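Chains as they are written, first to last, in full-length UniProt numbering: chain A, 1 to 358; chain D, 1 to 178; chain G, 1 to 303.
These notes concern the structure reproduced below.
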């Protein structure tokens with residue numbers, strides 16, 4: 001005996017899911033491989049926001065959700081949360097990264113050199129419409145440099161610290177299981193440094209950009225200079241139970257250092273994430289730079305930006321408004337009608353009341 | 001995934017132990033039964049490497065070590081396990097949490113004899129009117145110290161274990177010695 | 001201690017979806033929530049295969065408590081067969097093999113969004129309420145850290161002031177659902193967005209209530225036989241929705257919380273919001289065997 005507005009709930013939800021999946025069509029290993037190889041930056045973005053590095057799984061998540069990014073990230077995170085923690089890798093240092101691209105806006109040249117690496121920064125953004133009429137777009141081969149740039153590079157902030165331009169961040173000596181893990185414990189404020197950096201690393205790119213951009217436009221106290229932006233590969237070194245440290249492979253990472261003048265020193269903001277995502281790390285580092293001393297409730301306050309750039313939470317809450325709310329609505333109507341009836345009697349002014357969304 | 005997962009023995013046991021602990025704390029004074037005797041079951045249902053435990057008894061300490069929880073001094077522990085509590089002053093060491101984070105207040109698990117000894121009258125959340133219980137095997141001054149130390153909402157929880165029986169006392173529970 | 005004793009046999013999915021460490025954390029936090037009624041306890045809140053804001057907090061609690069012997073009921077807006085209730089019920093059954101029921105009297109565990117059933121819950125039943133926003137102070141203080149300090153100081157002055165201002169402006173308290181309530185005389189909590197009709201059911205109730213917000217990563221509890229008092233001034237009594245005199249157009253049930261159904265002619269009809277109570281009432285009317293349990297409200301009055 002169906003009773004509620006949406007009748008036959010079980011059947012309805014099953015059929016609506018079928019409809020979505022039917023429109024996606026077959027998912028084959030080929031489709032997954034094609035997504036992985038054709039869209040590495042999209043795969044990177046999904047891996048970063050999921051805090052899970054596996055290109056095949058990320059491509060599969062994209063295939064399964066038809067590229068609905070929030071769904072793809074949720075799918076991967078829900079898979080990730082069920083996986084056992086086998087071990088914690090050795091710390092990765094900036095100097096040890098295999099660097100593909102590394103630029104600084106702060107100095108014309110920097111120790112280790114500027115390495116442009118792969119970028120569209122100076123490309124003219126012209127659509128290759130010929131492809132649609134049957135032509136193949138053939139990338140022009142790269143001319144190798146006479147001397148390769150060094151694979152490993154020091155950090156610019158380290159040089160600045162040596163020259164008393166900034167105070168180097170204190171080294172966090174926590175290793176292994178002592179490193180706080182924001183996916184295993186609640187985020188509380190003031191946040192642990194590890195929690196802040198982890199939250200920014202898995203934050204939603206668009207959200208970080210929106211708030212980072214607000215800070216850059218003047219809603220923050222500090223205007224960032226990109227000290228260093230780096231795209232690299234990090235060697236993941238783990239310790240075998242018998243004691244040997246070995247490489248379990250490399251993952252792509254991006255990181256940004258931004259600085260701004262703060263009295264007689266430079267303030268430093270930092271962010272890093274899995275995969276190559278330049279916009280995200282520059283925006284996130286800007287937020288980090290602005291967080292110290294930010295007024296409560298401002299977009300550059302840590303609590304504000306960490307809560308509101310969490311993509312799985314924010315997108316989930318946003319779409320939850322599709323769920324029926326007729327009980328709460330009925331409850332509000334009751335209070336409203338009564339107040340209106342009272343006003344009709346007393347003719348006093350009724351101001352609108354705000355209640356938080358439920 | 002087409003078939004239902006079947007709970008392992010471990011899952012079944014820890015689920016039932018937790019059920020007993022939860023209802024013991026929800027209804028202070030009503031004795032609940034755990035699937036196995038002793039404190040080892042409590043340890044495996046609640047503890048893992050995110051916990052800091054204090055454990056005087058070596059046999060229990062090895063149960064704790066197996067969960068990955070750190071063994072620490074009593075004033076740093078979030079869980080304390082005692083075969084028999086040496087004296088009532090031990091309660092002074094227990095972490096009460098803070099006003100901001102009352103949940104940091106610890107949980108004390110110790111053996112006692114339920115149904116004999118001192119007559120107690122319990123009241124507070126979970127008690128539908130006054131609840132009378134008898135408890136023996138705790139050091140003199142235990143109840144006085146407990147009452148003196150609680151700074152609600154700061155405080156600590158107590159589970160008294162007698163074989164497979166458990167009696168829970170949340171910090172919100174007022175205990176009157178009759 | 002051998003390596004083997006520290007490992008477990010591989011399973012394609014943990015029983016109840018959550019792994020053992022996630023369950024232990026939720027168990028520890030639930031115990032503290034019970035010990036300090038109404039106090040919001042932060043927890044890690046793992047991702048589950050459902051979107052945040054769709055009952056992931058309630059789901060994590062249910063997944064922790066569930067076992068194959070437990071009868072589970074899931075409702076949304078009072079109804080068992082609304083789409084999200086159906087989805088959650090299906091998930092719980094799939095990951096646990098636990099039997100499901102729509103009968104409030106048969107259920108051991110009830111996960112609900114926005115309603116407490118009209119039939120009285122017993123001492124052996126657990127109600128898990130899904131919570132979108134666990135912080136009752138948010139309308140007066142959106143910053144979680146400051147709000148937490150206010151709870152620590154039992155500083156509820158701005159909460160009272162807000163209620164007072166509403167009475168001055170509108171002649172009544174304008175809060176619809178989620179009516180802020182004082183638990184055990186100490187913590188102001190949100191009872192979750194249940195209608196005001198349902199809040200008095202929590203006061204000195206026989207059952208255990210766990211309220212869990214997955215997105216906001218906080219849970220709180222109301223143990224059995226615990227005082228839950230809606231914040232009211234002595235001279236302005238608490239008022240539930242004016243539903244006492246309404247009659248369900250389908251079942252004839254009267255004196256319960258209703259859904260208003262707008263009609264084409266500009267009027268409204270009403271349907272009882274607790275769908276299972278409606279079904280039982282219809283069955284009784286049709287002479288079928290259906291047992292309606294004791295209800296909290298009798299003839300529209302809270303007993």
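Just so you know, even glycine gets a beta-carbon here, dropped at the ideal spot from N, CA and C.
Model, not experiment: these values are computed from the prediction.
Annotation: Cβ neighbours of residue 74(A) in chain G (cutoff 9 Å, chain order): 47, 49, 50, 51, 52. A contact between stretches requires three or more CB pairs, one per stretch, nearer than 8 Å, and the stretch 193-204 of chain G fails this requirement with the stretch 35-55 of chain G. Residue 31(G) has a beta carbon lying within less than 8 Å of a beta carbon in chain D.
Counting along the chain, residue 167(G) sits inside the alpha helix (DSSP H) bounded by residues 157-170. Residues of chain G whose Cβ lies closer than 7 Å to the Cβ of residue 197(A) do not exist, since the nearest Cβ in that chain is about 17 Å away.
Of all residues in the stretch 9-31 of chain G, only 9, 11, 12, 13, 14, 15, 16, 17, 20, 21, 23, 24, 25, 27, 28, 29, 30, 31 place a beta-carbon less than 9 Å from a beta-carbon of chain D. Residue-level contact by beta carbon fails for residue 143(G) and chain D, as no gap is shorter than 8 Å.
According to the DSSP secondary-structure assignment, residue 217(G) is paired through a beta bridge with no residue. The criterion of a C-beta distance shorter than 8 Å is satisfied by residue 98(A) and residue 233(A).
Rounded to whole angstroms, residue 214(A) and residue 220(A) show a C-alpha spacing of 7 Å. Residues of chain D whose Cβ lies closer than 7 Å to the Cβ of residue 223(G) are, in chain order, 26, 125, 126.
Positions of the beta strand (DSSP E) runs, each at least 3 residues long and wholly inside the stretch 188-233 of chain G, are given as 208-213, 218-222, 228-230 in order along the chain. Within the same chain, Cβ atoms closer than 6 Å to the Cβ of residue 88(G) are found at 55, 74, the five residues on either side in sequence being excluded. Excluding sequence positions up to five before and after residue 42(D), its CB lies within less than 6 Å of the CB of 109, all in the same chain and listed in chain order. Proximity of chain D to residue 152(G) at the Cβ level (cut-off 8 Å) is accounted for by 98, 99, 100, in chain order.
Within the same chain, and ignoring the five residues on either side of residue 224(G) in sequence, the residues whose Cβ sits closer than 7 Å to its Cβ are 123, 205, 206, 207, 208.
Chain G has a Cβ within less than 8 Å of the Cβ of residue 48(D). Positions of the beta strand (DSSP E) runs, each at least 3 residues long and wholly inside the stretch 265-322 of chain A, are given as 265-274 in order along the chain. By the Cβ test, the stretch 254-274 of chain A is not in contact with the stretch 298-313 of chain A, since fewer than three Cβ pairs between them sit closer than 8 Å. Residue 10(D) sits in a helix when the DSSP states are folded into three classes. In the structure shown, the three-state DSSP call for residue 163(A) is coil. Close to residue 215(G), with beta-carbon spacing below 8 Å, are these residues of chain A in chain order: 313, 316, 317. In the DSSP assignment, residue 180(A) falls outside any alpha helix (DSSP H), carrying neither H nor E. Of the other Cβ atoms in all chains shown, fewer than 16 fall within 10 Å of the Cβ of residue 321(A); this residue is therefore exposed.
The beta carbons of residue 52(G) and residue 76(G) sit no closer together than 8 Å. In the structure shown, residue 26(D) falls within a helical segment according to DSSP collapsed to helix, strand and coil.
Only buried fits residue 32(D), as 16 or more other CB atoms lie within 10 angstroms of its CB. Sequence-distant partners of residue 325(A) (beyond 5 residues in either direction) whose C-beta falls short of 8 Å from its own C-beta, in its chain, are 358.
Listed along chain A, the residues sitting closer than 7 Å to residue 114(G) by beta-carbon distance are 327, 328. Neighbours of residue 15(D) in chain G, taken as residues whose beta carbon is under 9 Å from its own, are 15, 16, 23, 64, 65, 66, 67 in chain order.
Where residue 200(A) is concerned, the enclosing alpha helix (DSSP H) starts and stops at 193-201. Here the stretch 150-159 of chain D does not lie against the stretch 255-264 of chain G, with fewer than 3 beta-carbon pairs under 8 Å apart. Between the alpha carbons of residue 291(G) and residue 170(G) lies a distance of about 43 Å. The Cβ atoms of residue 317(A) and residue 138(G) do not sit closer than 8 Å to each other. Taking 8 Å as the upper bound for CB-CB distance, residue 56(D) and residue 83(D) are in contact here, some 7 Å apart.
Sixteen is the threshold: when 16 or more other Cβ atoms of the shown chains lie within 10 Å of the Cβ of residue 102(A), as they do, the residue is buried.
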